[in-house]
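When we follow my numbering, the leftmost residue of the sequence shown carries the number 1, and every step to the right adds one.
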Amino acid sequence: MAASDIIAGTGLREDAGRRNVRLLSILRWLAVGGQLATILLVHFIVGVHLPLVPMLGAVAVLVALNLAIGQIVGRRPITYGALFATLLVDVACLTTQLYLSGGVGNPFVTLFLLQVVIAALLLRDHASWAMVALSSALFAWLAHAAPPFALPRGWASTLSTPYIAGSWFNFTLTATLLALFVTRIVRNVSEHDARLAALRQRAAEEEHIVRMGLLASGAAHELGTPLSSIAVMLGDWRREPAIATSPALLADLDDMRTEVTRCKDILSQVLLASGEVRGMGPVRTTLKTFLSGIVGDWRGKTQVAAAYEHLMTSDPRIVADKALAQTITNLLDNALEAGGRTIALCAWWDGDRLVLSVRDDGRGFAPAILDGLGKPYMSTKTRRGAGLGLFLAVNVLRTLGGTVSARNREGGEGGGGEVTLTLPIAAISIPEEGA
């Protein structure tokens with residue numbers, strides 16, 4: 001399992017942490033059984049006299065540790081520090097066993113490497129390297145300080161100093177390489193899991209958008225019929241003598257027809273955003289005309305003087321992307337709802353990428369919206385619709401290969417907001433003839 005899934009209590013998945021702690025406990029029980037069997041076999045069967053009391057005491061410490069962990073793991077999270085402490089106890093008990101049974105001449109000295117691998121799998125990088133340094137130091141200390149161990153005649157041997165030095169170097173090199181490659185493999189697996197999680201999240205969001213589109217499309221179709229009926233009735237009423245001779249009633253009737261027409265325009269935009277009309281009869285234009293047209297249409301609907309500024313030296317031909325146009329319109333609406341009095345759409349080039357910025361001097365973004373940028377239903381009462389508008393903007397730009405960012409201007413919330421759209425111009429441009 002990846003290191004990012006191991007330890008609970010640090011923002012990681014608690015169930016995965018507990019499962020790994022239990023697996024480590026099982027491994028420790030196996031070590032207890034193996035050590036106990038080896039000690040009894042060597043002492044009573046082979047006839048090599050071992051200091052049973054201290055060696056069995058070390059085994060008892062491992063048993064007590066496992067029992068304590070069994071009581072704790074079901075009640076509270078296991079932190080990185082606690083897990084590292086349990087590994088230190090394992091290393092101390094192994095060192096005690098080796099010290100009492102021949103030091104580096106004991107073939108079980110290589111079990112230090114198992115602790116290095118476990119640390120590399122379960123702990124952070126600095127703890128893994130600490131385990132490498134500790135095990136290497138303990139190997140050197142055992143070679144120097146472990147007392148001679150009496151073996152039966154024919155079994156005894158003496159290790160030369162160059163051999164011990166070479167064994168220490170080999171051990172340290174092996175431990176270093178294990179820690180290096182295991183930690184990198186774990187990091188690669190963690191990054192792969194993170195990418196998969198991001199893809200799953202993106203798929204879920206896109207499915208959510210599809211459902212929203214279907215719901216919006218169905219509602220638009222259902223509302224279209226009664227609005228058309230109302231428009232016909234309003235036309236008939238205009239010819240009624242009682243209304244035709246009353247300027248006040250005619251004015252009210254014109255206002256009603258204007259509102260019905262506005263509702264039908266909104267429904268057309270809903271159908272457009274849901275994908276029913278997109279791609280039919282594409283309009284070819286230039287980038288500057290496209291952007292200035294969006295701002296001009298928005299000014300006409302809202303009667304708000306929004307500025308359009310650009311630092312673009314070129315004006316490529318593009319296909320007017322209706323979803324992008326609606327996204328920019330939504331952001332302008334959000335700026336107006338935020339109390340903006342000075343609203344501007346700015347455009348410039350960043351290499352081969354187009355950067356669009358919608359700025360306002362309104363209330364700015366609440367921290368919850370900035371933290372949940374791109375998530376649906378992240379809105380507030382003081383800024384109605386901002387979260388959903390940003391959610392749609394993020395997903396529209398994602399389909400075009402672009403990105404969205406948002407921030408508060410002039411030092412925080414209350415000083416105005418800015419939303420920046422960045423997309424490759426190739427996503428909407430028309431290739432030059434002969435290119």
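Ideal Cβ positions, reconstructed from N, Cα and C, are used throughout, including at glycine. If you're wondering where the values come from, they're calculated on a predicted model, not measured in any experiment.
The Cβ-Cβ distance between L311 and W348 falls below 8 Å. In terms of Cβ geometry, A197 and V116 do not form a close pair [threshold 8 Å]. Annotation: A307 to G417 spans about 15 Å, alpha carbon to alpha carbon. Using a Cβ distance threshold of 8 Å, T329 and I294 count as a contacting pair.
Between the stretch 113-133 and the stretch 177-191, the count of C-beta pairs closer than 8 Å reaches three or more; the two stretches touch.
If you draw a 10 Å sphere on the C-beta of I343, you find 16 or more other C-beta atoms in it, and that means buried.
The alpha carbon of R407 has as its nearest neighbour, out of L56, V358, A244, A248, the alpha carbon of V358. Around C346, the same chain offers E309, S357 as residues with beta carbons nearer than 6 Å, after the five sequence neighbours per side are excluded.
Note on M55: 16 or more other CB atoms within 10 angstroms of its CB, so buried under the neighbour-count rule.
Here the alpha carbons of E259 and D315 stand approximately 36 Å from one another.
DSSP places E418 in the strand class (E or B) of the three-state scheme. Beta-bridge partners of S405 (DSSP): T420. V394 and V404 have their C-alpha atoms spaced approximately 6 Å apart. Exclusion of the five residues before and after A231 leaves R257, V260, T261, K264 as the residues of its chain whose Cβ lies within less than 8 Å of its Cβ. Per the Cβ contact rule, the stretch 18-25 is in contact with the stretch 75-86 (3 or more Cβ pairs under 8 Å). Residue range 353-359 is occupied by the beta strand (DSSP E) that includes S357. Between the alpha carbons of R239 and P226 lies a gap of roughly 21 Å.
The Cβ atoms of S167 and V104 lie closer than 8 Å to each other. DSSP places R299 in no beta strand (DSSP E) but in the uninterrupted alpha helix (DSSP H) bounded by 287-302.
For V61, the enclosing alpha helix (DSSP H) has its first and last residue at 52-72. DSSP places E222 in the helix class (H, G or I) of the three-state scheme.
Secondary structure note for L114: its alpha helix (DSSP H) is the uninterrupted segment 112-122. Exclusion of the five residues before and after W298 leaves A306, T329, L332 as the residues of its chain whose Cβ lies within less than 7 Å of its Cβ. Between the C-alpha atoms of P51 and A194 there is a straight-line separation of about 51 Å.
Residue burial annotation: D360 is buried, with at least 16 other C-beta atoms found within 10 angstroms of its C-beta. Residues of the same chain with a CB within less than 8 Å of the CB of D352, apart from the 5 flanking positions on each side, are P424, I425, A426 in chain order.
Here the C-alpha atom of S292 lies approximately 19 Å from the C-alpha atom of G340. A check of alpha carbon separations from Q326 across L267, A366, G362 identifies L267 as the nearest. DSSP places V132 inside the alpha helix (DSSP H), whose first and last residues are 125-145. If you compare the alpha carbons of A58, A165, V319 with that of L400, the shortest gap goes to V319.
Within 10 angstroms of the beta-carbon of W29 lie fewer than 16 other beta-carbons, which makes it exposed. Residue pairing of E410 in beta bridges, as defined by DSSP: absent, with no partner found. Looking at the DSSP output, Y308 shares a beta bridge with L345. About 6 Å separates the beta carbons of L421 and L397, which is inside the 8 Å limit, making them a contact pair.
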